[in-house]
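Numbered per the working numbering, the sequence shown spans residues 11 to 301. Please read the structure below before turning to the comments.
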Amino acid sequence: MIFFKEELENRSNGRIKVELYFGGVIGNERELMDFVQTGVLQGTRGGFFADANPKFMLYTLPFLVDDWDQAQRLVQSEFTREINQGARERGFHVPATGISQGFRAHTNNKKPIRHPDDLKGLKMRVPSQEVYVQTSKAFGANPQELPYSEVYQALQTGVVDGQDNALSNIWDYKIHEVSKYLTITNYATGPDPLMVNLGWYESLPHDLQLVFDKVSREAMAFSDRKNREKEMDYIGKISKKIKVNYVTGSELSAFRVALRPVYQYFEDKGVLTLGEIQEARKVAAGNSANP
11 MIFFKEELEN
21 RSNGRIKVEL
31 YFGGVIGNER
41 ELMDFVQTGV
51 LQGTRGGFFA
61 DANPKFMLYT
71 LPFLVDDWDQ
81 AQRLVQSEFT
91 REINQGARER
101 GFHVPATGIS
111 QGFRAHTNNK
121 KPIRHPDDLK
131 GLKMRVPSQE
141 VYVQTSKAFG
151 ANPQELPYSE
161 VYQALQTGVV
171 DGQDNALSNI
181 WDYKIHEVSK
191 YLTITNYATG
201 PDPLMVNLGW
211 YESLPHDLQL
221 VFDKVSREAM
231 AFSDRKNREK
241 EMDYIGKISK
251 KIKVNYVTGS
261 ELSAFRVALR
271 PVYQYFEDKG
281 VLTLGEIQEA
291 RKVAAGNSAN
301 P
């Protein structure tokens with residue numbers, strides 16, 4: 011976000027000033043969404059993105075994309091721009107969506123995870139978002155919804171057996187200090203939409219709207235590049251502290267099969283359609299007529 015602040019202030023010739031607040035000093039993620047929607051704050055990123063448009067849940071579905079290239083192709087597509095536009099109905103303007111810190115990985119204190127059955131019965135901390143709860147249940151785990159601020163202590167005291175998160179979070183928040191095993195499946199990533207109050211955005215002169223949108227797209231792409239570059243570095247650091255195993259190839263098939271009910275769950279709820287999921291996969295793979 012430093013890039014965003016500096017570029018936006020520079021290219022707007024100081025007509026837009028950006029104040030950044032980190033670490034939840036203003037409120038938790040749900041409160042931030044409320045603050046932006048009501049105009050108390052001008053913007054936020056990531057967090058409870060489904061409050062802006064439930065279809066952002068699509069990007070969190072397990073095995074929707076296979077790698078960074080596919081994830082980046084999807085978030086930079088016309089398909090995603092249409093979902094960004096859908097947030098206007100709830101009072102948000104979303105000029106760009108990035109990738110939320112990369113692919114998620116599991117840590118736990120019981121055993122290496124080589125098969126979905128290894129997760130059965132484990133108390134796994136998950137964010138308070140439906141897709142993560144349903145994914146954990148599909149694995150046969152016992153999902154525990156906890157704020158991120160409580161994860162370290164919960165692992166340390168045995169309140170939970172494990173958790174899953176982006177590698178950057180596992181390292182930066184020292185989750186490796188209270189975990190014994192890291193399992194890398196690249197099973198899911200998530201969206202990182204930049205969301206601002208629609209009324210505030212529409213109050214900007216047209217030339218500043220263009221500047222704001224362009225800088226936002228560049229900032230999210232910059233963030234994605236940095237996160238991608240750092241991912242292997244984080245794996246290297248963590249592997250010096252705890253045991254790391256990779257699940258790939260045919261071994262990964264069992265994980266894909268185990269998570270099929272998650273797709274059906276969201277289709278049954280009417281949040282997503284099978285057609286939307288299939289189109290997202292085509293876009294990610296570069297096989298869509300509407301990239």
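Backbone N, C-alpha and C define an ideal beta-carbon position, used for all residues, glycine too. Owing to the predicted nature of the structure, the values given are computational and were not obtained by experimental measurement.
Let's see if you can read the secondary structure: which residues bound the beta strand (DSSP E) around P153?
N152 to E155
With DSSP collapsed to three states, give me the class of M242.
helix
With a threshold of 8 Å, are at least 3 pairs of Cβ atoms found where one atom belongs to the region 100-107 and the other to the region 58-76?
yes
Can you confirm whether the region 285-294 touches the region 73-89 when touching is taken to mean that 3 or more C-beta pairs between the two stretches lie within less than 8 Å?
yes
Rounded C-beta distance between A106 and L42? I'm assuming under 8 Å.
In fact, because the Cβ distance is near 18 Å, the residues do not count as touching under 8 Å.
Name the two residues that bound the continuous alpha helix (DSSP H) containing A81.
W78 to V85
Return yes when the Cβ of D174 is within less than 7 Å of the Cβ of L132, no when it is not.
no
Roughly how many angstroms lie between the CA atoms of P153 and Q139, to the nearest whole one?
11 Å
Three-state class that DSSP yields for M205 in the structure shown
strand
Taking 8 Å as the cut-off, does the region 107-124 touch the region 223-241 (at least 3 CB pairs, one atom from each stretch)?
yes
Cβ-based neighbour list, Q166, same chain, cut-off 6 Å, excluding 5 preceding and 5 following
Cβ-Cβ distances below 6 Å link Q166 to V188 in the same chain, with the five nearest sequence neighbours on each side left out; the list follows chain order.
Opposing strand residues paired with N175 [DSSP bridges]:
Residue pairing of N175 in beta bridges, as defined by DSSP: A115.
With three or more C-beta pairs closer than 8 Å as the rule, is the region 206-226 touching the region 39-54?
Yes, they touch.
Residues near K253 in its chain [Cβ-Cβ closer than 6 Å; skip 5 each side]:
For K253, where only same-chain residues beyond five positions count, the Cβ hits under 6 Å are Y191.
Return the chain-ordered list of same chain residues with a C-beta closer than 8 Å to the C-beta of K184, the five sequence neighbours on each side being excluded.
Y162
Which one or two residues does DSSP pair with R55 in a beta bridge?
L204
Quick one: measure Cβ to Cβ for Q144 and Y275, integer angstroms, because I've assumed they're closer than 8 Å.
5 Å
Coarse secondary structure for L214, derived from DSSP in three states:
coil
Between the C-alpha atoms of A115 and N255, what's the straight-line distance to the nearest angstrom?
10 Å
Segment contact, 8 Å Cβ cut-off, at least three pairs: the region 215-228 with the region 69-80
Flag = no, the region 215-228 and the region 69-80 do not touch.
Once DSSP output is grouped into helix, strand and coil, what is the label at L30?
coil
What does the Cβ neighbour count give for E241, buried or exposed, with the cut at 16 atoms within 10 Å?
Counting other Cβ atoms within 10 Å of its Cβ, E241 reaches 16 or more and is therefore classed as buried.
Close Cβ partners of K121 (< 8 Å) along its chain, the five nearest in sequence each way excluded
D128 and Y191
Grab the span of the beta strand (DSSP E) containing A106 for me, first residue to last.
F102 to I109
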